[in-house]
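> For reference, the structure I am asking about is given below.
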DNA sequence: CACACTTTTTTCGAGGCTCGAAAAAAGTCT
DNA sequence: AGACTTTTTTCGAGCCTCGAAAAAAGTGTG
């Protein structure tokens, strides 16, 4: 904010812009990049020849036989050899890791099943260390430098994306994964919230629909949210924030997994739907885990006949609707993507949800609220993590030029505005 | 985001930074500005001599007899003669206007009482036009150019700050004040939400406490909010947003002024407190206006003895507490300033508010939540509008240099990032 | 097959901006 | 009066972007 801009900042920004245009556009020519960025052809030419010389970009000859007259455009693409990234995804009873090249191609991967809730703190950390070490030692990297690691966790992280503060998958709290992994491997690490990564993925999948303002809601055992506002990921002042599932739906209402009462999740999470469908008291302790098939059976029962199952999904829809209504009172409506297991039951949840929104301040503009379901949560998470890792390399490492790469001080350097 | 940075953008940014440092610091020397901005002495020297030549800054000799050795610092200050700004404030039954010089000194002002709820649309607009015309013709301006007009309204504005979309003070909606006033006076205008201006003022009053993240809550006939997150004013995707008062406290609960049910305002606005204190049904139509003295009497009664008045304030506190709890679930805690008439009754509201927050996700970090009361809402609004208008001139007009001032196209030009 | 035409990309000199170093300025201290 | 200290200005160097012109690499046509 109050920091002045020097000459090399300008170059850094413009380099970043060329890299970003290449990652977005895929095969963009220099002329196209000049048009997108508004910079002159000479500038783009200079920057891209630098980037090619540094091994960050490569020229690609388009297959399409240029049907136009004139000198054919030369496509620019990210050089897959330029770097690698590794993403780790830690969720309930599951840890997986993926290696990617700089162009985003999968190099290799590994999944492990582990009992995250029972694992001691040290062993949980060790599992992450080990799976990461196996990636770094894997021959598929073929000497390329891993320049970035992203760890996505189901749970709350701190605003600096360095620690996992709290998670439903383990009793342990405040695990400084970024510090631990950086100390061991000397590669920059961030710890991200899984829902934020899903939102990130939506942006890359469908930039038309999910661009400046949108909402991703994870409907699963718990309720999560990733929120993009004015083009950037929304986070809390101290944590990854946006604990939509723990907004209050009914003061002093149903018992939530978090121990408090009346949270949206206590009506709309899998455990809450199950609890209501089974006719249990809403003050009953939530079940720890529910099989995917069990939820699908509930949904099928709800579709087949009117009864407690149908009512349970309706209650979930109502809670989500009132919650969204309150959210929309704050941020106005935006496109919503429903992600995760229970998004497949949106036919059961949707009607009550719409009805509830209509009774809130959000109902004002119920026309401009659109819903979309993306049941494949895992694929979305993987994509989001991958793009997060790669764009970090784009912005913070390659945009700075070769010099900055050598100084280890740049490990935590701040992002270009 | 995708737009490249050219050479003059750099100068513009650095000019803006020097002006901002001067407005903040008051009497800052060139050396101090260099230290703040991180730019070299030579650059600051060049920029400030430009700004002085353009009549934007002036050198001020400090009164303090420099107790240090060495060449004394020369203070830089904004030249009051450089420009003028006019602010209009439209609220229930009241319209006021203020003229300011570029340094923020009051030149002259006017207040009018009018029956905003009964006024036809045309006349309401006319009143604003007229009070503004009288300012522009007033001799106090002494030939200085009015470069900016800010109109703050009690109500919702659009995200571009050009129209008043809805307001409790008039039945008329979607009044494009900015277009109307610009067409008539050819001076750039924005229409702002009053609570946002109060938040803006807090920032200037106490930058230590209210800097990057904080909340201003207006406790008055209705409930309003101004929210600053990560250093910038938070607005909705389509409107000025942050309709905190219309988040849902109890689904299908008490009747709100907005016609819906269960809004926070329907428990915590003056009319709701009055309704509860008087023992009326919560579905009863809200009273239109309540005298300040009447609310003070209620508060006094609540302090004197336990009874329906005390209970009414407690209910208000509970609604605000659950609402804040939900808000904190999204954005994490931040310092809160309670503004307006009922902030003076915070002794009655506070206990129930804290208790409610403790029962929500916000209760997690109840240690880091601090409250502060600022009963003088009018003064805060005036300050906020003034600073909004002046900083617009700083950034969008003077930072661009003399050339840009002449092109009328710059009227709506976008803000420097 | 040579030559005109079109479009993309590179080259080159000009102009702006910031920087560091040195000089100038404007005081205090002895 | 002269030494000393600190602030501010001056000046040349080094980048960066820009526009114009040149070069490159195709297609279309006789």
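Chains as they are written, first to last, in the UniProt record's numbering: chain Z, 1 to 417; chain S, 1 to 417.
Even glycine gets a Cβ: it sits at the ideal position worked out from N, Cα and C.
1) Give me the chain S residues within the contact set of residue 244 of chain Z, using Cβ-Cβ distance strictly less than 8 Å, ordered along the chain.
2) Could I get the ranges of all uninterrupted beta strand (DSSP E) runs contained in the region 214-264 of chain S, with 3 residues as the minimum, in chain order?
3) Could you tell me the boundaries of the beta strand (DSSP E) in which residue 21 of chain Z lies?
4) Compare the C-beta of residue 38 of chain Z with all C-beta atoms of chain S and state if any pair is closer than 8 Å.
5) If residue 245 of chain Z sits next to residue 262 of chain Z, beta carbons under 8 Å apart, how far is it from one beta carbon to the other, in whole angstroms?
6) Could you round the C-beta distance between residue 339 of chain S and residue 377 of chain S to whole angstroms and report it? I think they count as a contact, below 8 Å.
7) Put residue 270 of chain S into one of helix, strand or coil per three-state DSSP.
8) Using the C-alpha atoms, what's the distance from residue 206 of chain Z back to residue 249 of chain Z?
9) Going by the CB atoms, is the gap between residue 126 of chain S and residue 151 of chain S shorter than 8 Å?
10) Taking all protein chains shown into account, do 16 or more other C-beta atoms lie within 10 angstroms of the C-beta of residue 400 of chain S, making it buried, or fewer, making it exposed?
11) Only counting the same chain, and skipping five residues up and downstream in sequence, which positions put a Cβ closer than 8 Å to that of residue 252 of chain S?
12) Residue 364 of chain S: which of S:9, S:325, S:85, S:310 sits nearest, CA to CA?
13) Comparing the C-beta of residue 410 of chain Z with each C-beta of chain S, is any distance below 8 Å?
14) Where residue 355 of chain Z and residue 111 of chain Z are concerned, what is the direct C-alpha to C-alpha distance, given to the nearest angstrom?
15) Three or more C-beta pairs under 8 Å: does that hold for the region 173-182 of chain Z against the region 209-218 of chain Z?
16) What does the Cβ neighbour count give for residue 121 of chain Z, buried or exposed, with the cut at 16 atoms within 10 Å?
17) Any beta carbon from chain Z within less than 8 Å of residue 322 of chain S's own beta carbon?
18) So the candidates are Z:54, Z:237, Z:220; which of them puts its Cα closest to the Cα of residue 293 of chain Z?
19) Between residue 255 of chain Z and residue 273 of chain Z, which are expected to be in contact by the criterion C-beta below 8 Å, what is the C-beta distance as a whole number of angstroms?
20) Spell out whether any CB of chain S is found under 8 Å from the CB atom of residue 190 of chain Z.
21) Quick one: what's got a C-beta closer than 7 Å to residue 93 of chain S's C-beta in the same chain, skipping five residues either side?
22) Taking 8 Å as the threshold (C-beta atoms), are residue 136 of chain S and residue 88 of chain S in contact?
23) Look up residue 89 of chain Z in the DSSP assignment and give the residues it is bridged to.
24) Please report the Cβ distance between residue 181 of chain Z and residue 149 of chain Z, rounded to the nearest whole angstrom; I am assuming they are in contact, meaning their Cβ atoms lie under 8 Å.
25) Answer yes if the region 384-395 of chain Z comes into contact with the region 342-353 of chain Z, meaning at least three C-beta pairs across the two stretches below 8 Å, and no otherwise.
26) Just mark residue 283 of chain S as buried or exposed, buried being the case when its beta carbon has 16 or more other beta carbons within 10 Å.
27) Output needed for residue 394 of chain Z: all residues of its chain with C-beta closer than 8 Å, excluding positions within five of it in sequence on either side, in chain order.
28) Can you check which of these residues, Z:231, Z:211, Z:242, is closest to residue 225 of chain Z by C-alpha distance?
29) Between residue 36 of chain Z and residue 5 of chain S, what straight-line distance do the alpha-carbon atoms span, to the nearest angstrom?
30) If we count Cβ pairs, one from each stretch, closer than 8 Å, do we get three or more for the region 305-315 of chain Z versus the region 226-235 of chain Z?
31) Sort Z:142, Z:211, Z:191, Z:96 by Cα distance to residue 163 of chain Z and report the nearest one.
32) Roughly how far, in whole angstroms, is the beta-carbon of residue 310 of chain S from the beta-carbon of residue 316 of chain S, given that I think they are within contact range, below 8 Å?
33) With a CB to CB cut of under 7 Å and the five nearest residues on each side skipped, what residues in its chain are close to residue 83 of chain S?
34) Compare the Cα-Cα distances from residue 232 of chain S to each of S:381, S:210, S:247, S:238 and report the closest residue.
35) From what residue to what residue does the alpha helix (DSSP H) around residue 37 of chain Z run?
36) Comparing C-alpha positions only, which one of Z:330, Z:369, Z:331, Z:323 sits nearest to residue 337 of chain Z?
Put simply:
1) 329, 330
2) Qualifying beta strand (DSSP E) stretches, in chain order: 214-219, 223-229.
3) Premise fails: residue 21 of chain Z lies in the alpha helix (DSSP H), 7-25, not in any beta strand (DSSP E).
4) yes
5) Not a contact, Cβ separation roughly 12 Å.
6) 5 Å
7) helix
8) The alpha-carbon of residue 249 of chain Z is positioned some 31 Å away from that of residue 206 of chain Z.
9) No, the pair does not count as a contact, with Cβ atoms beyond the cut-off.
10) buried
11) Listed in chain order, the non-local C-beta contacts of residue 252 of chain S below 8 Å within the same chain comprise 261, 262, local neighbours out to five positions each way being set aside.
12) Of the residues S:9, S:325, S:85, S:310, the one whose Cα lies closest to the Cα of residue 364 of chain S is S:325.
13) Because the pLDDT of residue 410 of chain Z is 36, which lies under 50, any placement of that residue in the model is unreliable, and the number read from its coordinates should be weighed accordingly. By this cut-off, residue 410 of chain Z is not an interface position.
14) 41 Å
15) no
16) exposed
17) Closer than 8 Å to some Cβ of chain Z, the Cβ of residue 322 of chain S qualifies, so yes.
18) Z:220
19) Not quite, the Cβ-Cβ distance comes to about 14 Å (not below 8 Å), so this is no contact.
20) Any Cβ of chain S closer than 8 Å to the Cβ of residue 190 of chain Z would place that residue at the interface, and such an atom is absent.
21) 113, 114, 115, 116
22) No, Cβ-Cβ distance for residue 88 of chain S and residue 136 of chain S is not below 8 Å.
23) Z:96, Z:152
24) 6 Å
25) no
26) exposed
27) 16, 19, 20, 23
28) With distances taken between Cα atoms, residue 225 of chain Z lies closest to Z:242.
29) Approximately 12 Å between the Cα atoms of the pair.
30) no
31) Closest option to residue 163 of chain Z, Cα to Cα, is Z:191.
32) About 11 Å separates the two Cβ atoms, so there is no contact after all.
33) 102, 144, 145, 147, 393
34) S:210
35) Here the alpha helix (DSSP H) through residue 37 of chain Z covers 30-37.
36) Closest by C-alpha distance to residue 337 of chain Z, out of Z:330, Z:369, Z:331, Z:323, is Z:369.
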